[in-house]
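Residue numbers (the working numbering): 1 to 436. Cβ atoms here follow ideal geometry from the backbone N, Cα and C, with glycine treated the same way. Small disclaimer: the values here were computed from a predicted structure and weren't measured.
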């Protein structure tokens, strides 16, 4: 669908066939990012990864982030962190089960992901003085808000929606947090410049160094670049995995038959005398189907971060001018009856039985992590974390809704933004079920 929003030609992509054209066949043309106010202000002029323009700078930053944080070897390296934090959560839930207490599952999962993320990226637990997550959540919510200044640029100075003070407040809070983290790391490694303990240390090793020194235009990495990159990694990790886990658990509690099928698979593969380990995950085929189905119905981002055409193009006979905005509607694609049949609103993991559709961007019917050059580089880390947490919490516990609530009465309302979390926290009473 082609529309014009203000001065911006906009293409809304709502089918797998169209998504493949823009994300694979003509990927290089549509790998750009539009300039929008929120990313210009909050993301330090798009010096991070997610909103940076396609080119040499973006390629180098992506390579750094992949090699130092998101590669398969790094994901495996951080397995002890995930295991330790998940063990702490399970112990807390066991205590709640013994006391017959109702637990805020959404809140506990969010705290788990925070603890894992902070230890991976900044090398320590969350700072009670600086709570970054509310700022990131507000930034993601505002990123999904229609901002007229992004489509009618001459109106930007008037700030008709009053968004600029909110953008600036987020920027100020994030900057204070990042300055504190960088100062801490610089003091820790003073006199030991080659000590690379965590992702922040590695990024600081590039400070004041030339990027791509063999190219004609040499870019010197400054403190702002480092802050933008760290902020992007934190923002991506803190929110997305927690939201995906929350939706998957809600659907499992809402569908006892599916939960029972998953528990039977876990009992067969893992048994009841130990907890799920990451080495078990490749053997859990029904778990894989559950995660796919939850991602289909509840993509963390209903629209991928907008793409922009970097040159004029003609796609299937339609002329698309340079600087056109491309919106990939993953929510609608996941509900396309031509792909998923008439029961698209139902949670049926078995639809993926004997299917080659995966979550890695190879199949355009299912795009929770995007695809192509601008696909999510954290896919492996995200999938590992989501699968492990869902598997452990379903294997270790039965979950009973409070106050005699029926599974059919569980609210599945969404809260819209760049990401779409549940509108209400998931509350349930855990009952421990292992024989340890």
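In this structure, DSSP gives residue 387 a helical state, which the three-state scheme calls helix. Residue nearest to residue 227 within the set 121, 212, 288, 317 is 121 (criterion: CA-CA distance). Following the DSSP letters along the chain, one finds residue 397 inside the beta strand (DSSP E) bounded by residues 397-400. The Cβ atoms of residue 325 and residue 16 do not sit closer than 9 angstroms to each other. Residue 256 carries a helical assignment under DSSP once its states are collapsed to helix, strand and coil. Judged by pairs of C-beta atoms under 8 angstroms, the segment 82-98 touches the segment 384-395, as three or more such pairs exist.
Around residue 5, the same chain offers 151 as residues with beta carbons nearer than 7 angstroms, after the five sequence neighbours per side are excluded. In this structure, DSSP gives residue 307 an extended state, which the three-state scheme calls strand. The segment 296-306 and the segment 266-283 do not touch, with fewer than 3 CB-CB distances between them shorter than 8 angstroms. The Cβ-Cβ distance between residue 23 and residue 355 does not fall below 9 angstroms. Counting along the chain, the unbroken beta strand (DSSP E) around residue 9 starts and ends at 8-13. The criterion of a C-beta distance shorter than 9 angstroms is satisfied by residue 327 and residue 13. Rounded to whole angstroms, the separation of the alpha carbons of residue 436 and residue 272 is 8 angstroms. In this structure, the straight-line span from the alpha carbon of residue 167 to that of residue 174 is close to 11 angstroms.
When the Cα atoms are used, residue 189 and residue 25 turn out to be separated by approximately 46 angstroms. In this chain, the beta strand (DSSP E) harbouring residue 432 covers 427-432. Residue 330 counts as buried, since no fewer than 16 other beta carbons sit within 10 angstroms of its beta carbon.
DSSP places residue 351 in no alpha helix (DSSP H); its state is neither H nor E. Contact annotation: residue 433 and residue 397 have beta-carbon atoms nearer than 9 angstroms.
In the DSSP annotation of this structure, the continuous segment of the beta strand (DSSP E) that includes residue 313 starts and ends at 313-315.
Taking C-beta atoms as the reference points, residue 367 and residue 31 fail to come closer than 9 angstroms. In this structure, the alpha-carbon of residue 147 lies about 38 angstroms from that of residue 74.
Excluding five sequence positions before and after residue 402, the CB atoms of its chain that fall closer than 8 angstroms to its own CB belong to 102, 427, 428, 429, given in chain order.
Between residue 353 and residue 289 the beta-carbon gap is near 7 angstroms, inside 8 angstroms, which marks them as a contact. Between residue 300 and residue 420, the gap from beta carbon to beta carbon is short of 9 angstroms.
Under the three-state reduction of DSSP output, residue 57 falls in the helix class. Counting along the chain, the unbroken alpha helix (DSSP H) around residue 83 starts and ends at 79-99. C-alpha of residue 158 to C-alpha of residue 8: approximately 19 angstroms in a straight line. The way I'd put it, the segment 329-344 doesn't touch the segment 46-55; fewer than three beta-carbon pairs between them come closer than 8 angstroms.
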